Amino acid sequence: MLVLNCPYCGADKDETELTAGGEAHITRSGPGSSDEDFEEYLFGRVNPKGLHFERWRCSAGCGKWFHAARCTATLEVFGTYKAQTTEPPKNIQDAISIRRPGWSWRSFS
Amino acid sequence: MKRFSVFAVAREAMRQHNGWGRTWSNPEPKKSYEVIIVGAGGHGLATAYYLGKNFGITNVAVIEKGWLGGGNTGRNTTIIRSNYLQDPSAALYEKSRSLYENLSQDLNYNLMFSPRGCMMLAQTQHEMRGYKRTAHANSLQGVKTEFIGPERVKKLCPIMNIDGPRYPVLGALWQPRAGSARHDAVAWGYARACSEMGMHILQKTEVTGITKDSGCVTGVETSRGHIRCKKLGMVVAGHASVVAEMAGFRLPIESVPLQALVSEPIKPCMDVVVMANTVHGYMSQSDKGEMVIGGGTDGYNAYTQRGSFHHLEETVRALIETFPMISRLKMLRHWGGIVDVTGDRSPILSKTPLGNTFINCGWGTGGFKAIPGSGWGFAELMAKGESPLTAEFGLDRFRAGRFVDESVAAGVAH
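Here the protein sequences line up with chains D and U, keeping their order. In terms of my numbering, the first sequence opens at residue -16 and continues consecutively. In terms of my numbering, the second sequence opens at residue 12 and continues consecutively.
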């Protein structure tokens, strides 16, 4: 069973106590944006076989949304971090680099 | 390759079955083909077959990284039905179901197609209203379905407990000509027919890159060298995003594991397919006697081909209320497949940003039933550039907001 640590309440939560929220760090294009940008926001997904940044909700705990860096091929978890950020913090990026040297993700890497 | 017939069986019986031969050939890849299909699952092989049969294009290679039919074609619960709500879906799935009716004769290969009937249980008032609406839509579309009451459900499937307590059976959407088929045989039958037409089926050949020149694909890099092509079809289901990434475009798809399991074989007790969408479970009995059970998808992206254990528990727990007799059954095997789910839960059969490249993916949790129809339409799209079957399933629908929204109608268990 997948276990993630909620960065807000600090609890280790089983996947049955969490709700998956799909890809993280998506640019939320609003009114006035082009059709291409709006399509990318609503539907464009990296869906990688490997490193994936994703949103989770601590639904049977503190209720907060947080982010996780996880591998979709091995289910390895590289770390979790608070959601109020546009890219993963340095310690998470470093933890990924140790296990997946040369990784990249959309606009940051 | 020899034709299968009663005379062939009799002839082979006389000589210890020595003369059957290979079902499909295992050639070395050529340097170039007219058409390359990536993915030798049901959809890829069906596409190749109808390219040859309907359009005379036989200089075709079907490239497969594993073994033939070892992906989702061999991992589904073999349900065939066409009781969809939206017109484009009903047209595509009904074409597929009707092709299944004669496919064994067409391919000269026994697919064990069994039109035993499929019911989708209504266990809440919402589902009742939804399925009545689908039945009306189906009669307008020329798909034979009807909404039946709980007594008829009980008569068709006596092992079912229709009284609840939590989810009583209030009725069902019944499609009498739905059913199931042997899933491996569908892949094998198409492969045999393709091989007979001179097509190359290249197993254990992984596509590692796609070579392009001025907006068109020129070929694929594989683990057995570079192979050139004039047209490319990507039919790789769960790994669609991975192959699209090689080609340089992004898809509106997320890949998640979907699980199924079978019980120990028991005596025949159920001769219909039952789907219970409120409780996320569906069940039928295979010819070997195993109860074949399908469940829901995992909530998060993964490519692991196994899935979460708690989903199995939820599926079986839910089915036990409706089928009390299965509480004593031992489960023999369980497995997962990676399904490619789109935003509107409808497939993508489309041209791509690359001129000579086409993509067939996004079947999500319900691709097996669509294999012949998908191959038929996708072959037409690849050969002629358009097809009435696939017209509404283009990639551009996500930009235009022109969805084929089956997520409202059948998004739970497909």
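For every residue, glycine included, the Cβ atom is placed at its ideal position computed from N, Cα and C. Computed from a prediction, not measured in an experiment: that's the story for all the values here.
When the Cα of residue i is compared with those of the options, which residue comes out closest?
| i | options | result |
| --- | --- | --- |
| Glu37/D | Ala66/D, Glu22/D and Gly13/D | Ala66/D |
| Ala51/U | Val218/U, Ala402/U, Met257/U and Leu181/U | Val218/U |
| Asp98/U | Met139/U, His54/U, Arg144/U and Thr89/U | Arg144/U |
| Thr34/U | Arg203/U, Arg92/U and Glu105/U | Arg203/U |
| Glu70/D | Ala7/D, Arg53/D and Asp(-5)/D | Ala7/D |
| Gly182/U | Ile159/U, Gly378/U, Lys106/U and Thr84/U | Ile159/U |
| Ala196/U | Ser252/U, Gln186/U, Gly85/U and Met286/U | Gly85/U |
| Asn104/U | Glu417/U, Lys380/U, Ala313/U and Phe15/U | Per the sequence presented here, residue 104/U reads as Tyr, with Asn not at that position. Tyr104/U has its Cα closest to that of Lys380/U, out of Glu417/U, Lys380/U, Ala313/U and Phe15/U. |
| Gly82/U | Gly378/U, Val228/U, Asn367/U and Pro40/U | Gly378/U |
| Glu403/U | Gly366/U, Lys395/U, Phe369/U and Leu360/U | Leu360/U |
| Pro187/U | His322/U, Asn149/U and Phe15/U | Asn149/U |
| Thr156/U | Met139/U, His321/U, Tyr95/U and Pro179/U | Tyr95/U |
| Glu487/U | Lys41/U, Val17/U and Gln27/U | What is shown of chain U runs 12 to 425, which leaves residue 487/U out entirely. |
| Pro179/U | Arg344/U, Thr333/U and Ser252/U | Thr333/U |
| Gly53/U | Gln27/U, Asn65/U, Cys205/U and Val46/U | Cys205/U |
| Val(-14)/D | Ile9/D, Glu59/D and Gly13/D | Glu59/D |
| Arg261/U | Asp282/U, Phe409/U, Leu110/U and Trp78/U | Phe409/U |
| Gly434/U | Asp(-3)/D, Thr10/D, Arg28/D and Asp(-5)/D | In the structure as shown, chain U begins at 12 and stops at 425. Residue 434/U is therefore absent and cannot be evaluated. |
Between residue i and the rest of its own chain, which residues show a CB-CB distance below 8 Å, the 5 nearest in sequence each way excluded?
| i | result |
| --- | --- |
| Thr58/U | Ile48, Gly244, Val246, Asn371, Ser385, Gly386, Phe389, Ala390 and Met393 |
| Cys(-8)/D | Cys41, Gly44, Cys45 and Lys47 |
| Met336/U | Ile170 and Cys280 |
| Gly78/D | Looking at the sequence itself, residue 78/D is Ala, so the reference to Gly does not match. Contacts found: Ala52, Phe61 and Gly62. |
| Gly4/D | Glu37, Arg38, Trp39, Arg40 and Trp48 |
| Lys13/U | Ala19, Gly30, Trp31 and Gly32 |
| Gly284/U | Residue identity differs from the one stated: residue 284/U is Val in this sequence, not Gly. Correct list, in chain order: Ile90, Arg92, Arg127, Gly128, Cys129, Met130, Ala189, Gly190, Ser191, Tyr293, Met294 and Ser295. |
| Asn37/U | Ile212 and Gln214 |
Is it buried or exposed for residue i, if we count other Cβ within 10 angstroms and need 16 for buried?
| i | result |
| --- | --- |
| Gly67/U | exposed |
| Leu118/U | buried |
| Ala19/U | exposed |
| Ser115/U | buried |
| Asp355/U | buried |
| Ser17/D | exposed |
| Gly287/U | The sequence shown places Ala at residue 287/U, not Gly. With 16 or more Cβ atoms within 10 Å of its Cβ, Ala287/U is classed as buried. |
| Ala146/U | buried |
| Glu22/D | buried |
| Leu151/U | exposed |
| Ile212/U | buried |
| Ser338/U | exposed |
| Ser80/D | exposed |
| Glu75/U | buried |
| Met(-16)/D | exposed |
| Asp1/U | Residue 1/U lies beyond the residue range present for chain U, which begins at 12 and ends at 425; the question has no answer from this structure. |
| Glu39/U | exposed |
| Ala255/U | buried |
| Phe265/U | The question names Phe, yet the displayed sequence has Glu at residue 265/U. That one is buried. |
| Glu417/U | buried |
| Cys227/U | exposed |
| Gly85/D | exposed |
Give me the DSSP bridge partner(s) of residue i.
| i | result |
| --- | --- |
| Trp88/D | Phe91/D |
| Tyr44/U | Cys240/U |
| Ser266/U | Asp351/U |
| Leu184/U | Met131/U and Phe158/U |
| Arg28/D | Leu262/U |
| Tyr201/U | Note: Tyr201/U sits in no beta bridge, so no partner. |
| Ala478/U | Here chain U comprises residues numbered 12 to 425, so residue 478/U is not present and cannot be evaluated. |
| Ile221/U | Val231/U |
| Asp(-3)/D | Val(-14)/D |
| Trp346/U | Ala271/U |
Just to confirm my understanding: we take residue i, look at its own chain, exclude 5 residues before and 5 after, and list those with CB closer than 7 Å. What are they?
| i | result |
| --- | --- |
| Ala24/U | none |
| Thr(-1)/D | none |
| Gly499/U | Nothing about residue 499/U can be reported from this structure: the residues present for chain U run from 12 to 425 only. |
| Leu122/U | Leu114, Ser115, Ala192, Arg193, Ala196, Val197 and Gly200 |
| Lys165/U | Met171 and Ile173 |
With a threshold of 6 Å on Cβ separation, who are the neighbours of residue i within its own chain once the five nearest residues in sequence on each side are excluded?
| i | result |
| --- | --- |
| Ile75/D | Ala52, Gly62 and Tyr64 |
| Ser43/U | Arg239 |
| Ile304/U | Leu272 and Met294 |
| Lys341/U | Glu275 |
| Glu301/U | Val273, Ser274 and Pro276 |
| Gly366/U | Gly226 and Cys227 |
Closer than 8 Å, CB to CB, is residue i near chain A or not?
| i | result |
| --- | --- |
| His28/U | No chain A appears in the structure shown, which is made up of the protein chains D and U. |
Next item on the list: Give, in chain order, every residue of the region 12 to 31 of chain D whose Cβ lies closer than 9 Å to some Cβ of chain U.
Entry: Asp18, Glu19, Phe21, Glu22, Glu23, Leu25, Phe26, Gly27, Arg28, Val29, Asn30 and Pro31
Note to self: Counting only Cβ-Cβ distances shorter than 9 Å, please list the residues of the region 299 to 328 of chain U near chain D, keeping chain order.
What the structure shows: Listed in sequence order: Asp309, Gly310, Tyr311, Asn312, Ala313, Tyr314, Thr315, Ser319, Phe320 and His321.
Next item on the list: Select from the region 405 to 416 of chain U all residues with a C-beta closer than 7 Å to any C-beta belonging to chain D, and list them in chain order.
Entry: When CB distances to chain D are screened at a threshold of 7 Å, the residues of the region 405 to 416 of chain U falling below it are Phe409 and Arg410, in chain order.
Note to self: Please identify, using Cβ separations under 7 Å, the residues of the region 48 to 59 of chain D that lie next to chain U, in order along the chain.
What the structure shows: Per Cβ criterion, the list reads Thr55, Ala56 and Leu58.
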